[in-house]
Amino acid sequence: MDQGDEVNIEKTVVAIVNLLSSYSLDAKLVLSLAALATEFGDFWRLRKDLTHKSSLPKEFCLSMAILKFESGYLVEPKKQPVVDELNNLIMLILEVTKSISELEKLRNNYTSANVPGLLPTIQKHVYGTIAKQIEVYWKLVSILRNPYHESSHEVVDILKMLISTENDPHLLHINDGSTTVGVSIDVLSKKDVLLLISSLDISNVDIKNLQKIYEGIKGYKHYKMVWIPVMEQWTPERLDLFIQLRDQMPWYTVQMFSSPVAGIKFIKEEWHFNGQPVVVLLNQQGEVENPNALPLIRLRGMDAFPFAKVAEDAIRNLDNWLHLVANHIHLSMQSWIEEEKYIFFYGGTDQHWIKKLQGYIKSIDLGKFLNDGEDEGNNTIESVEVGESEIRFWTNIESLQFIKEDDETHRVLQRLISNKKENGWAILVKGSTVIISDQSSKISRALKKLVIKLQSEEENNFHEENFETIFKEYHKQVAGMFSHSCQINIPSSATNIIPKNMKCLECGQVMETFISFRWNKSLTTNTQNSSADFVRIKPRNFNACYPSYPRYPAYPAYPAYPRYP
Numbered sequence: 229m230d231q232g233d234e235v236n237i238e239k240t241v242v243a244i245v246n247l248l249s250s251y252s253l254d255a256k257l258v259l260s261l262a263a264l265a266t267e268f269g270d271f272w273r274l275r276k277d278l279t280h281k282s283s284l285p286k287e288f289c290l291s292m293a294i295l296k297f298e299s300g301y302l303v304e305p306k307k308q309p310v311v312d313e314l315n316n317l318i319m320l321i322l323e324v325t326k327s328i329s330e331l332e333k334l335r336n337n338y339t340s341a342n343v344p345g346l347l348p349t350i351q352k353h354v355y356g357t358i359a360k361q362i363e364v365y366w367k368l369v370s371i372l373r374n375p376y377h378e379s380s381h382e383v384v385d386i387l388k389m390l391i392s393t394e395n396d397p398h399l400l401h402i403n404d405g406s407t408t409v410g411v412s413i414d415v416l417s418k419k420d421v422l423l424l425i426s427s428l429d430i431s432n433v434d435i436k437n438l439q440k441i442y443e444g445i446k447g448y449k450h451y452k453m454v455w456i457p458v459m460e461q462w463t464p465e466r467l468d469l470f471i472q473l474r475d476q477m478p479w480y481t482v483q484m485f486s487s488p489v490a491g492i493k494f495i496k497e498e499w500h501f502n503g504q505p506v507v508v509l510l511n512q513q514g515e516v517e518n519p520n521a522l523p524l525i526r527l528r529g530m531d532a533f534p535f536a537k538v539a540e541d542a543i544r545n546l547d548n549w550l551h552l553v554a555n556h557i558h559l560s561m562q563s564w565i566e567e568e569k570y571i572f573f574y575g576g577t578d579q580h581w582i583k584k585l586q587g588y589i590k591s592i593d594l595g596k597f598l599n600d601g602e603d604e605g606n607n608t609i610e611s612v613e614v615g616e617s618e619i620r621f622w623t624n625i626e627s628l629q630f631i632k633e634d635d636e637t638h639r640v641l642q643r644l645i646s647n648k649k650e651n652g653w654a655i656l657v658k659g660s661t662v663i664i665s666d667q668s669s670k671i672s673r674a675l676k677k678l679v680i681k682l683q684s685e686e687e688n689n690f691h692e693e694n695f696e697t698i699f700k701e702y703h704k705q706v707a708g709m710f711s712h713s714c715q716i717n718i719p720s721s722a723t724n725i726i727p728k729n730m731k732c733l734e735c736g737q738v739m740e741t742f743i744s745f746r747w748n749k750s751l752t753t754n755t756q757n758s759s760a761d762f763v764r765i766k767p768r769n770f771n772a773c774y775p776s777y778p779r780y781p782a783y784p785a786y787p788a789y790p791r792y793p
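For the sequence shown, the numbering used here gives the first residue as 229, with consecutive numbering after it.
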């Protein structure tokens, strides 16, 4: 062990001791030993099952070792001396722990004056024993985390465990255009595999995106695509839907209807599958190159190939992210963004509000503002209606939320997703820069104030300020008239980015987390749908932020009617 490792162990000991500062010395030691025992116990139990007679199939135990520890080294003879050394060291640590526990009991029966050297001795051995535990852990890691290229295991070993090919060696099926043909999973040997895992609730947009990827990777013989449909129980209706979906997928499909997917627990826990589609990229050695490449595929298509993390980094560093989610909505979108034009994106269920908003936008002449509309033909604000059914826009927004990490972009994306179900919402951008994103009531009132001002005799006052500055000021005035209801809806497909604490976007108040389940008929009819359930985050003092109506004075009470005789 080099000097750097010793320093790391020393720092780790201090961190563990500080973490357990409220516990007694012997309790610190026992708790740290318990943590080590949890890791080593799983390792030892699997190794025993593999090297001795066990009721479990050897292939199952080996596959579990590969999945849990990312290693098939548990039974290699050359590792036996190291394993025995670890086992003996743990036995010694256990004996030392027992002795220290007895000494701690003895110390509690006497004062420090009677046995002055006992406490420092116990402390020294507690810290030393914890350091040994850390050393054992890292030795165990060095056994289990060896690079895959040194082992004989590959992607097929992982897949065999996930879908259990014992009862049916031809679980994979390929659609040749007229019928499906069963093939052995060994056709994936020494291949990089894009593993599509989903329920039957997968949108047509995602299927079309994946079809393009399938066509794109045809030129790379070592890339293959496989669909694993996940259903707890198959019914005749679900089988019919499965066939409809399978016929749209020219890649390999796992057909296993008699039992659930064998590795479903691992898929849920390690790859965070929760019903929404994921695309796991496995290399030829079975290593996970990307736990979910679907956001990249949605946003960039084959431009993101081979869908490694470096492609995500490129999007993270991209300032102009708007074209990734909105380019498909209008043919002129890219040119509008490049020309730094003002664009209103809006949508909602209230068609009356939408018509009013469209009228307000059309009546604004940017030529009446400072530095706006100077270019010929640039006096108007562009506007684009985005309906809830615009599945590509919303899935792109959700996908971008997976990747973008900066706080400002996250706030914009959270507002958009949360406002999706509102009566109305709107977002104003200039080029690729987001200016304002809010609900219909505030946006429309601010626009109305602006339009009235433009139509008044004081319209020339605007020549001293640009449209962005004026509209932000009017929006601020309108927002001050409202109490606010801040509710952030995070799709279940984005559970990996849910923060432990989230503050209200308006007032900064810490919010509470609620789980909300939403059913949609599209889940059984395969119409376009982006998510099935949400994590809803609301302010702790919800009554203080609700309802979101302006504070108008109360109406006077009606006079009582006179009583007739």
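Note that CB positions come from ideal geometry on N, CA and C, so glycine has one too.
Where the alpha helix (DSSP H) through residue i begins and ends
{"i": "N210", "result": "A question about residue 210 goes unanswered here, because the residues of the chain that appear run from 229 up to 793."}
{"i": "P457", "result": "It is not in any alpha helix (DSSP H) - P457 instead sits in the beta strand (DSSP E) that spans 451-457."}
{"i": "F470", "result": "464-474"}
{"i": "W653", "result": "From DSSP, W653 is part of no alpha helix (DSSP H) but of the beta strand (DSSP E) over 653-658."}
{"i": "T481", "result": "Premise fails: T481 lies in the beta strand (DSSP E), 480-482, not in any alpha helix (DSSP H)."}
{"i": "I663", "result": "Careful: I663 lies outside any alpha helix (DSSP H), inside the beta strand (DSSP E) at 661-667."}
{"i": "V538", "result": "537-544"}
{"i": "G444", "result": "432-444"}
{"i": "I631", "result": "619-631"}
{"i": "P523", "result": "522-528"}
{"i": "M389", "result": "383-391"}
{"i": "L585", "result": "579-590"}
Helix, strand or coil at residue i [DSSP, three-state]
{"i": "F699", "result": "helix"}
{"i": "V421", "result": "strand"}
{"i": "H401", "result": "strand"}
{"i": "G410", "result": "strand"}
{"i": "N567", "result": "The sequence given here has Glu at residue 567, not Asn. Coil at E567, not helix or strand."}
{"i": "N548", "result": "coil"}
{"i": "E515", "result": "coil"}
{"i": "S646", "result": "helix"}
{"i": "V489", "result": "coil"}
{"i": "K496", "result": "helix"}
{"i": "E460", "result": "coil"}
{"i": "V614", "result": "coil"}
{"i": "E693", "result": "coil"}
{"i": "S426", "result": "strand"}
{"i": "S776", "result": "In this prediction, S776 has a pLDDT of 39, which is less than 50 and means its spatial position is unreliable; what the coordinates show is noted afterwards. Reduced to three states, the DSSP call for S776 is coil."}
{"i": "L248", "result": "coil"}
7 Å CB neighbourhood of residue i in its chain, flanking five on each side removed
{"i": "W808", "result": "In the structure as shown, the chain begins at 229 and stops at 793. Residue 808 is therefore absent and cannot be evaluated."}
{"i": "V640", "result": "V662, S665"}
Cβ-Cβ distance between residue i and residue j below 8 Å
{"i": "G540", "j": "I631", "result": "What sits at residue 540 in the sequence shown is Glu, not Gly. Result yes, Cβ atoms of E540 and I631 sit closer than 8 Å."}
{"i": "D420", "j": "V384", "result": "no"}
{"i": "Y355", "j": "L264", "result": "no"}
{"i": "F573", "j": "A554", "result": "yes"}
{"i": "H556", "j": "R620", "result": "yes"}
{"i": "I358", "j": "S260", "result": "yes"}
{"i": "L509", "j": "Y588", "result": "no"}
{"i": "G444", "j": "F533", "result": "yes"}
{"i": "P505", "j": "L524", "result": "no"}
Cβ-based neighbour list, residue i, same chain, cut-off 8 Å, excluding 5 preceding and 5 following
{"i": "L552", "result": "L527, R528, I543, L546, N624, L628"}
{"i": "H450", "result": "K418, K419, D420, Q512"}
{"i": "L253", "result": "I328, E332, I350, Q351, V354"}
Beta-carbon proximity list for residue i, same chain, < 6 Å, skipping 5 on both sides
{"i": "R673", "result": "V706"}
{"i": "M453", "result": "L422, Y442, W479"}
{"i": "T349", "result": "none"}
{"i": "T240", "result": "I362"}
{"i": "D593", "result": "N607"}
Unbroken beta strand (DSSP E) run spanning residue i, endpoints
{"i": "Y574", "result": "570-575"}
{"i": "L510", "result": "506-510"}
beta-carbon residue i near the ligand GTP non-hydrogen atom, thresh 7 Å
{"i": "M561", "result": "Only the bare structure without any ligand can be found here, which leaves the ligand GTP out of the picture."}
Pair every Cβ in the region 692-711 with every Cβ in the region 662-674, then say whether three or more of these pairs are closer than 8 Å. yes
When the Cβ atoms of the region 456-466 are set against those of the region 654-661, are three or more pairs found closer than 8 Å? The region 456-466 vs the region 654-661: no contact.
Pairing CB atoms from the region 488-506 with CB atoms from the region 382-393, are three or more of them under 8 Å? With a cut-off of 8 Å, the region 382-393 and the region 488-506 count as touching, because enough Cβ pairs lie within range.
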